[in-house]
Amino acid sequence: MKRLYESKPLQNYSKYTGSLRKTKFVALKRGLKSQLSLFTKANTKQESAALASFRVALEIGKRGKPFTDGEMVKECLIAVVEKICPKK
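Each position in the sequence shown, counted from 1, maps to that position plus 698 in the working numbering.
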């Protein structure tokens, strides 16, 4: 236990007291959230791309037509945009 309380990280942060300590905590927490959101965003982009490709494959399978049919290409692109950019 003694080692825990005399560890190097504790020595680094023991100089912060009061409102300065709260400010440092908020800054560290914000940094952690931004690092975690980086991985979350990448994961959701990959999931969206996979779902969009499945949707295109479903449309091709339903129609049994080649991908050269103009109307089907338009519908597939609309489906892809809905999956990748749902907010727009």
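Using N, Cα and C, we set each Cβ at its ideal position, and we do this for glycine too.
Run of the alpha helix (DSSP H) containing residue i, from where it starts to where it stops
i, result
"K781", "G768 to I782"
Beta-carbon separation (whole angstroms), residue i vs residue j, contact threshold 8 Å
i, j, result
"R753", "A777", "5 Å"
Open item on the list: Using 8 Å as the cut-off, can you tell me whether the region 744-754 makes contact with the region 770-784, which would need three or more C-beta pairs spanning the two stretches below that distance?
Closed with: yes
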